[in-house]
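Before any comments, here is the structure.
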Amino acid sequence: MKRRAVLAALSAAAAAGVLGSLVFLAIAWQTEIPAMAPPKLADFDAATIHRGAALVAIGDCVVCHTAERGPAFAGGRALETPFGTLYATNITPDQRTGIGNWSAAAFRRAMRDGVSRDGEHLYPALPYEHFTRVTDADLDAIYAFLMTRGPVLQKTPENRLIPPLGFRPLLAGWKLLFLHEDPVLPVTGQSDEWNRGRYLVEGFGHCGGCHTPRNIAGGEERGKPFAGGIAEGWDAPPLNAANRTAHPWTVDAVYRYLRTGMDAEHGIANGPMGPVAHGLSGAPDDDVRSIAVYVASLLERDGPKAGSLPPVDREVEATREHPEGAALFAGACATCHGPGAPMMAQGRPSLSFVSALQADHPRNAVQAVVNGLPAAQAGRTALMPPFGDSLTSSQIGQITAYLRSRYSERQPWTALEDSVEEALNAKEQP
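The numbers in the sequence shown follow the working numbering, run straight up by one, and end at 1502.
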């Protein structure tokens, strides 16, 4: 009897293994969708192209798919990941190196299933786990926009990944674990504006791609949505009540930040968030406002309302605690950030309101000192020069510790030295 039970258990396990293998093979093996002649501009109506342009701006597609000083959407940008370097693909309508011979069906499959026209699995640097949540009509609008751009002949460099991750069929296993069909349905009781914002944030905006923590396999931790993550060496702060700021975020503050790249009570969009704000500066106003409504609802917290907290400036105490940092600040920073500085009269945020100085981790504050701050609007000179080449690691640590002490009432950072070395090492890499 016991032997029979053991055999039955072994048979069940073997059957489950066979079934699992068949399911895996069914996902791993994908058919090629036949190539087609490139569509013509006349094949698309102007309204659809216009809507596609708006969605591309919200999705920030041009940033990832454009190499530095390269043609827009022609690919080639290096994307550093814990698993190696990926290169963004060419998504112009070039037939040889882009998507010029892709049908709308092939494009939808790539965006939702992470499978190229030729049946090759795509890496989840393309956030297809978010694009499963968007409608066919919106995907077709993006397709119309991309297919009416100018074709660019530019081959994508080969990825450089840790072996054996270059073997693309392995991605089928990743998709079994982390790719979910999960459409964004309207929430009863919420406004149309809130629901629109949720659809854009969780779909094309793929905000969780940066602002949700990831597990060891690179999948988003679905039980911790918007709990904060790391993107390109920067902290992507939590988009929930745990977000550390001197002033709570309001709808208007989120809107200003997204639209202009700056809010006077929170700071300037920097790191990977800078290009996002630049893209949203050209997106439809109603869509940006809807995103702000939804994000502000995630950020709601108990406590004083915005504008009720006085600026923190512990200059005397901070100078006593960090005299070298105070001296460096006086020489390198005070002309812009000191009381009465011309920049402060232009509406730039006080350092006591800058979110990076209120955060749990020093990573973003250190990155700002090392790499500087770009202009909030395109075409202007940098708002803050980088100091990574002119200050030593010790000096960067001293000045950052001083900033935390002077402009925040929170505890000193404990990971400051490691963050400085991490930022400087990243700056030295080509």
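Ideal placement from N, C-alpha and C gives every residue a C-beta, glycine not left out. Predicted model only: the values in this text are computed from it and were never measured.
Report yes or no: do the region 1398–1406 and the region 1336–1349 share at least 3 C-beta pairs separated by less than 8 Å?
no
Can you list, in chain order, the residues of its chain with a C-beta nearer than 7 Å to that of Ile1214? Leave out the 5 residues immediately preceding and following it.
Within the sequence shown, the letter at position 142 stands for residue 1214. Gly1124, Leu1127, Val1128, listed in sequence order.
Please report the residue range of the beta strand (DSSP E) in which Trp1306 lies.
The residue labelled residue 1306 in the question sits at position 234 within the sequence shown. Residues 1306–1308.
For Val1090, which residues in the same chain have their Cβ closer than 7 Å to its Cβ, ignoring the five residues on either side in sequence?
Here residue 1090 corresponds to residue number 18 of the sequence shown, with the count starting at 1. For Val1090, the predicted model reports a pLDDT of 42, less than 50, meaning its position is unreliable; a value from the coordinates is still stated below. Here the set comprises nothing.
Quick check on the burial criterion: 16 or more other C-beta atoms within 10 angstroms. Buried or exposed for Ile1171?
Taking the sequence shown and counting its residues from 1, one reaches residue 1171 at position 99. The residue is buried, with at least 16 neighbouring Cβ atoms inside 10 Å.
Taking DSSP's pairing of strands, which residues face Ala1313 in a bridge?
The sequence position of residue 1313 within the sequence shown is 241, counting from 1. Ala1313 is not bridged to any residue.
Could you check where the beta strand (DSSP E) with Glu1152 kicks off and where it finishes?
The residue given as residue 1152 occupies position 80 in the sequence shown. 1150–1153 is the extent of the beta strand (DSSP E) around Glu1152.
Hey, Pro1421 and Gly1444: beta-carbon distance below 8 Å or not?
The residue given as residue 1421 occupies position 349 in the sequence shown. The residue given as residue 1444 occupies position 372 in the sequence shown. Cβ atoms of Pro1421 and Gly1444: not closer than 8 Å.
I need the DSSP call for Met1108, collapsed to helix, strand or coil.
One-based indexing of the sequence shown puts residue 1108 at position 36. Coil, per DSSP.
Have a look at the DSSP bridge pairing and note the partners of Gly1301.
One-based indexing of the sequence shown puts residue 1301 at position 229. Gly1301 is bridged to Ala1308.
Cβ separation of Ala1325 and Gly1333, assumed to be a contact under 8 Å, to the nearest whole Å:
Within the sequence shown, the letter at position 253 stands for residue 1325. Within the sequence shown, the letter at position 261 stands for residue 1333. Their Cβ separation, rounded to whole angstroms, is 13 Å, which puts Ala1325 and Gly1333 out of contact at 8 Å.
CB-CB length for Asn1173 against Met1108, believed under 8 Å
Position 101 of the sequence shown, counted from the first residue, corresponds to residue 1173. Position 36 of the sequence shown, counted from the first residue, corresponds to residue 1108. With a Cβ gap of about 6 Å, Asn1173 and Met1108 count as contacting.
What's the gap between the Cα of Ala1314 and the Cα of Gln1226?
Taking the first residue of the sequence shown as 1, we reach residue 1314 at position 242. Taking the first residue of the sequence shown as 1, we reach residue 1226 at position 154. Roughly 44 Å between the two C-alpha positions.
Determine the direct distance from the alpha carbon of Gly1301 to that of Asp1264, and round the result to whole angstroms.
If you number the sequence shown from 1, residue 1264 lands on position 192. If you number the sequence shown from 1, residue 1301 lands on position 229. Rounded to the nearest angstrom, the two C-alpha atoms are 29 Å apart.
Suppose you measure from the CA of Arg1180 to the CA of Ala1146; what does that come to, to the nearest Å?
Along the sequence shown, one-based indexing puts residue 1180 at 108. Along the sequence shown, one-based indexing puts residue 1146 at 74. Answer to the nearest angstrom: the Cα atoms are 19 Å apart.
Leu1113, enclosing beta strand (DSSP E) - first and last residue:
As a position in the sequence shown, residue 1113 is number 41, starting the count at 1. Run containing Leu1113: none; DSSP gives neither H nor E here.
Please confirm if the region 1157–1169 is in contact with the region 1251–1267, defined as three or more CB-CB distances below 8 Å between the two stretches.
no
In three-state DSSP terms, what is Val1224?
Working through the sequence shown from its first residue, we reach residue 1224 at position 152. Coil.
Measuring straight from C-alpha to C-alpha, what distance separates Asn1312 and Thr1322?
Within the sequence shown, the letter at position 240 stands for residue 1312. Within the sequence shown, the letter at position 250 stands for residue 1322. If you take the alpha carbons of Asn1312 and Thr1322, they lie about 12 Å apart.
Any beta carbon from chain B within less than 8 Å of Phe1401's own beta carbon?
Considering every chain present, this structure includes no chain B. It has just one protein chain.
Using 10 angstroms around the beta-carbon of Ser1466, count the other beta-carbons present and answer buried if the total reaches 16, otherwise exposed.
On the sequence shown, position 394 is the one that residue 1466 refers to. Label assigned to Ser1466: exposed.
So Leu1371 is in the alpha helix (DSSP H); what residue range does that whole segment cover?
Residue numbering aside, residue 1371 sits at position 299 when the sequence shown is read from its first letter. Residues 1357–1371.
Contact check, Val1388 vs Ser1480, beta carbons under 8 Å:
In the sequence shown, residue 1388 corresponds to position 316, counting from 1. In the sequence shown, residue 1480 corresponds to position 408, counting from 1. No; because the gap between Cβ atoms is not below 8 Å, this pair is not in contact.
When DSSP labels each residue in this structure, what does Leu1423 get in the three-state scheme?
As a first step, residue 1423 must be located in the sequence shown, where it is residue number 351. Leu1423: coil per DSSP, three-state reduction.
Which whole-angstrom value is the C-beta distance of Tyr1195 and Leu1243, which I expect to be below 8 Å?
On the sequence shown, residue 1195 is found 123 positions in, with the first residue counted as 1. On the sequence shown, residue 1243 is found 171 positions in, with the first residue counted as 1. So it is a contact: roughly 7 Å between Cβ atoms.
Exposed or buried, what is Gly1269 when buried is set at 16 or more other beta-carbons lying within 10 Å of its beta-carbon?
Translated into the one-based positions of the sequence shown, residue 1269 becomes position 197. Looking at its Cβ environment, which holds 16 or more other Cβ atoms inside 10 Å, Gly1269 is buried.
For Pro1235 and Glu1304, what's the separation of their Cα atoms in angstroms?
Working through the sequence shown from its first residue, we reach residue 1235 at position 163. Working through the sequence shown from its first residue, we reach residue 1304 at position 232. If you take the alpha carbons of Pro1235 and Glu1304, they lie about 22 Å apart.
Give the range of the beta strand (DSSP E) segment to which Tyr1195 is assigned.
Reading the sequence shown from its first residue, position 123 is the one you call residue 1195. Run containing Tyr1195: none; DSSP gives neither H nor E here.
Sequence-distant residues of the same chain with beta carbon closer than 6 Å to Val1438, five excluded per side:
Numbered from its first residue, the sequence shown carries residue 1438 at position 366. Hits under 6 Å: Thr1472, Ser1491, Val1492, Ala1495.
Answer with buried or exposed for Asp1307, where buried requires no fewer than 16 other C-beta atoms within 10 angstroms of its C-beta.
Counted from its first residue, the sequence shown places residue 1307 at position 235. Buried: at least 16 other Cβ atoms inside 10 Å.
Segment limits, beta strand (DSSP E) that includes Gly1156
Along the sequence shown, one-based indexing puts residue 1156 at 84. Here the beta strand (DSSP E) through Gly1156 covers 1156–1159.
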